[in-house]
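I have placed the structure first, in the form of structure tokens, so that the comments after it can refer back to it.
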Amino acid sequence: MPKTVSLQELKELYYKDFPLWVEVNLELLKEKAYEAVDWENLLEEIQDMVRSELKSAISHLAVILEHLYKWDHLRELTYGKDKGGYKWLDSIRNSRKELNKLFKLSPSLKKRLPEELQLAWELAKEESAYWLEKKERQELVQKIPEKCLYTYEKALTRDLRKELS
């Protein structure tokens with residue numbers, strides 16, 4: 614099939630039938646028919662793959678930062694089943710576990726993620742602000758600092774369960 618597809622048809626296939634587009638480009642690459650490959654979309658997909666992994670790692674770091682902040686500053690606002698904010702401890706542990714999985718699969722993320730601490734903090738602030746607004750405690754939103762309160766190392770290693778003992 615690859616030999617019968619024009620570059621224009623291949624570019625259209627990207628939007629019409631993505632799996633087939635992947636198969637055709639893969640076959641072209643195997644055949645070393647480099648001039649026929651849809652390089653524009655292929656390079657974009659490769660970039661998106663890298664961004665996707667990093668985005669996932671940032672998301673896990675943001676959850677850790679959000680729940681560390683809530684644990685340190687907002688536990689008194691919890692009630693019901695989660696009086697004391699203990700579900701945040703499990704959430705932090707789970708996010709750290711997921712980060713470790715990502716680091717095993719993509720070791721370069723471990724070096725890149727510390728550079729994204731402030732972005733993760735921005736996401737954590739947004740979630741914390743939303744949580745406070747739901748609790749009708751908007752006055753506490755302004756108390757959330759602009760700069761992250763936690764170092765990257767503390768976010769990944771602080772043992773809150775030991776602090777309880």
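Read in the numbering used here, the sequence shown has 710 at position 97, and its numbers run on one by one without any break.
Think of the CB as a built atom: it goes at the ideal place given N, C-alpha and C, for glycine as much as any other residue.
Please report the residue range of the alpha helix (DSSP H) in which residue i lies.
i	result
V635	631-643
D685	652-686
R725	721-725
Quick one: what does DSSP say residue i is sitting in, helix, strand or coil?
i	result
T617	helix
E749	coil
A737	helix
Y763	coil
K696	coil
P758	coil
Measuring CA to CA, which of the options is closest to residue i?
i	options	result
L690	K747, L777, Y763	K747
T617	L641, Y627, P632, F631	L641
W701	K714, W744, K683, D661	K683
K738	L722, D651, T770, P758	P758
D772	L667, E653, S704, A646	S704
V663	L753, S708, A646, L718	L718
L674	V754, Y763, S778, E776	Y763
Alpha carbon to alpha carbon, how far is residue i from residue j?
i	j	result
P632	F716	28 Å
K710	Y627	35 Å
W652	R706	41 Å
S721	P727	11 Å
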